[in-house]
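What follows is a single structure, written as structure tokens, with notes after it.
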Amino acid sequence: MRSTRSHRSARPVLAVLIAVIAIALAMPALGGVSAASPQQLRELHNYRIDGITTKEQRTAIERTGLSIEGAGATYVIARGYAREAANVQALGFDISPSFAPDDFPPGYEGYHNYAEMNDAIAKEVAKHPTLVKSFSIGKSYEGRDIPAVLITKDAPTYTSGRPEVLFDGLHHAREHLTVETTLYIMRLFADGYTKKRSIRKLVNTRAIWIIFDINPDGGEYDITGDQFHYWRKNRQPNDPNPNVGTDLNRNYDYKWGCCGGSSGDPADETYRGAKAFSAPESKMLAKFVDSRVINGTEQITAAISFHTFGELVMWPYGYTFTDVPPDMTQEDHDTFVKIGQTMAQSTCLSGDCYYPQQMSDLYITDGTSVDWEYGAHHIFAFTIEMYGNDFYVPDSVIKSQTQRMKGSVTYLTKIANCPYQAIGKGC
Ligand code: 0X9
Ligand code: ZN
Numbered sequence: 115m116r117s118t119r120s121h122r123s124a125r126p127v128l129a130v131l132i133a134v135i136a137i138a139l140a141m142p143a144l145g146g147v148s149a150a151s152p153q154q155l156r157e158l159h160n161y162r163i164d165g166i167t168t169k170e171q172r173t174a175i176e177r178t179g180l181s182i183e184g185a186g187a188t189y190v191i192a193r194g195y196a197r198e199a200a201n202v203q204a205l206g207f208d209i210s211p212s213f214a215p216d217d218f219p220p221g222y223e224g225y226h227n228y229a230e231m232n233d234a235i236a237k238e239v240a241k242h243p244t245l246v247k248s249f250s251i252g253k254s255y256e257g258r259d260i261p262a263v264l265i266t267k268d269a270p271t272y273t274s275g276r277p278e279v280l281f282d283g284l285h286h287a288r289e290h291l292t293v294e295t296t297l298y299i300m301r302l303f304a305d306g307y308t309k310k311r312s313i314r315k316l317v318n319t320r321a322i323w324i325i326f327d328i329n330p331d332g333g334e335y336d337i338t339g340d341q342f343h344y345w346r347k348n349r350q351p352n353d354p355n356p357n358v359g360t361d362l363n364r365n366y367d368y369k370w371g372c373c374g375g376s377s378g379d380p381a382d383e384t385y386r387g388a389k390a391f392s393a394p395e396s397k398m399l400a401k402f403v404d405s406r407v408i409n410g411t412e413q414i415t416a417a418i419s420f421h422t423f424g425e426l427v428m429w430p431y432g433y434t435f436t437d438v439p440p441d442m443t444q445e446d447h448d449t450f451v452k453i454g455q456t457m458a459q460s461t462c463l464s465g466d467c468y469y470p471q472q473m474s475d476l477y478i479t480d481g482t483s484v485d486w487e488y489g490a491h492h493i494f495a496f497t498i499e500m501y502g503n504d505f506y507v508p509d510s511v512i513k514s515q516t517q518r519m520k521g522s523v524t525y526l527t528k529i530a531n532c533p534y535q536a537i538g539k540g541c
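The number in this note's numbering is simply the position in the sequence shown, starting from 1, with 114 added.
Shown next, in the form of structure tokens:
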């Protein structure tokens with residue numbers, strides 16, 4: 115089935131121009147991005163084309179220049195350039211990006227790569243179809259779905275009416291332990307429903323949203339090849355600058371780039387992007403949170419964004435050293451501190467406890483998800499920096515270190531009906 119890529123005829127300038135316009139128009143369907151970047155145009159990609167059953171169809175695909183690498187009963191996997199994919203689409207075929215699975219090395223096999231994470235989610239939905247509903251909040255830059263679940267007692271039909279919480283993982287590609295944590299949270303609530311009364315009560319009375327992996331392109335890139343890449347950002351090009359990636363946790367539209375807590379240089383690890391929400395991944399998370407505003411009220415009242423490492427429980431703001439700036443009330447600050455301290459206390463393992471502090475006590479950041487969630491939506495949102503003295507902790511610690519989050523997760527979910535109860539006040 116493998117074809118050669120040796121003979122290609124030169125195209126007249128006009129035909130190339132038309133092809134580039136066609137690709138730009140086709141890219142949203144193919145890659146979930148608004149236009150093909152010059153870098154994308156130069157790179158080879160894998161595609162899946164569905165509804166392919168005949169030799170005539172396969173021949174038509176090969177004639178566009180795409181190279182068929184393998185075929186199933188009703189589909190083919192092909193490799194080639196975006197312009198060729200656009201030609202296939204123009205012929206009316208059902209073409210989408212396809213990703214070769216990458217995997218964790220020995221000692222880390224217990225971690226889930228993107229495909230394994232999706233399988234784990236699908237399995238949990240199959241196990242508990244009335245409690246767990248899975249969906250995608252949108253596409254990453256490279257076109258991967260950003261998977262999410264809703265967990266509540268009647269998830270498939272739930273629309274609103276219960277206090278809601280949000281847990282997210284993998285803003286930073288190399289922080290793989292956070293995907294394990296979001297998967298753990300899913301099982302904690304879904305599998306715990308029949309086993310533990312306190313969990314059942316939470317699932318019956320709260321709506322729990324989990325966004326497992328907000329940076330799937332970065333996460334997969336980080337595990338390609340035979341060594342970890344220490345990758346942090348997403349995989350969005352910054353043409354014509356050759357450096358790839360935006361730090362998703364500097365790209366949110368709250369005090370974006372305000373305060374020296376991010377970089378304007380694409381070469382830097384904390385590059386904030388060309389503008390707020392220039393990265394599709396942060397934009398999709400925000401769009402999802404925005405979508406939970408119902409009759410003018412944000413339904414999500416509390417959230418945790420998981421990162422590694424440092425064993426910290428942190429509250430907003432990151433953009434200023436001031437504890438109670440004009441865009442925070444004293445009451446909210448006191449509530450943040452109390453919840454943060456309580457969550458930190460619940461993490462103690464052999465006398466080792468996470469440390470509670472304001473985000474800026476670590477360093478100033480601007481454009482973080484948590485600043486945006488509180489600043490724009492008044493969500494009691496926390497950053498938790500999990501266990502580790504490196505990003506790549508062996509899979510032997512996954513169980514104990516994800517379970518260590520149980521107290522924080524259940525406490526925050528419990529008080530989501532009125533977070534001010536943490537300081538003895540009502541709502
Ligand atoms: O810098 C970040 O985005 C987070 N740390 S990490 O090592 N996971 O990259 C911290 C975000 C919280 N904000 C502040 N500490 N200011
Ligand atoms: Zn991080």
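C-beta: ideal position from N, C-alpha, C; glycine also.
Any idea which residues DSSP pairs residue i with across the strands?
i, result
"F496", "I418"
"G283", "The partner list for G283 (beta bridge, DSSP) is empty, contrary to what the question assumes."
"S250", "P261"
"L476", "None; L476 has no bridge partner."
"A321", "E278"
"A174", "The partner list for A174 (beta bridge, DSSP) is empty, contrary to what the question assumes."
"M519", "BP columns for M519 are empty, so no partner."
"D164", "Y189, D208"
Quick one, are the C-beta atoms of residue i and residue j less than 9 angstroms apart?
i, j, result
"F207", "A174", "yes"
"S483", "L399", "yes"
"E238", "A321", "no"
"T422", "F505", "yes"
"V279", "T415", "yes"
"V317", "G306", "yes"
"Y87", "Y431", "Past the boundaries of the shown model lies residue 87; the chain is included only from 115 to 541, so the question cannot be answered."
"A236", "S248", "yes"
Please classify residue i as buried or exposed, where buried requires at least 16 neighbouring CB atoms within 10 angstroms.
i, result
"S120", "Bear in mind that the predicted position of S120 carries a pLDDT of just 27, short of 50, making it unreliable; the figure below should be weighed with that in mind. Counting Cβ neighbours within 10 Å, S120 comes out exposed, since fewer than 16 surround it."
"Y255", "buried"
"S474", "buried"
"V407", "exposed"
"I135", "Caution applies to I135, whose pLDDT of 36 falls short of 50 and renders its modelled position unreliable; the value that the coordinates give is listed next. Exposed, because fewer than 16 other Cβ atoms sit within 10 Å of the Cβ of I135."
"S522", "buried"
For the ligand ZN, is there any heavy atom lying closer than 8 angstroms to the beta carbon of residue i?
i, result
"T422", "yes"
"R301", "no"
"N348", "no"
"N531", "no"
"H285", "yes"
Can we count residue i as close to the ligand 0X9, meaning its CB is less than 8 angstroms from some heavy atom?
i, result
"E289", "yes"
"D504", "no"
"L399", "no"
"R364", "yes"
"T479", "yes"
"T384", "yes"
For residue i, name the three-state secondary structure that DSSP assigns.
i, result
"S396", "helix"
"I209", "strand"
"G332", "helix"
"R314", "helix"
"N365", "coil"
"G454", "helix"
"D217", "coil"
"I537", "helix"
"L180", "coil"
Quick one: is the Cβ of residue i within less than 8 angstroms of any heavy atom of the ligand NAP?
i, result
"V484", "Within the structure as shown, the ligand NAP is missing, the only ligands being the ligand 0X9 and the ligand ZN."
Could you tell me whether any Cβ in chain E is nearer than 9 angstroms to the Cβ of residue i?
i, result
"L316", "Looking for chain E here will not work: only one protein chain is present."
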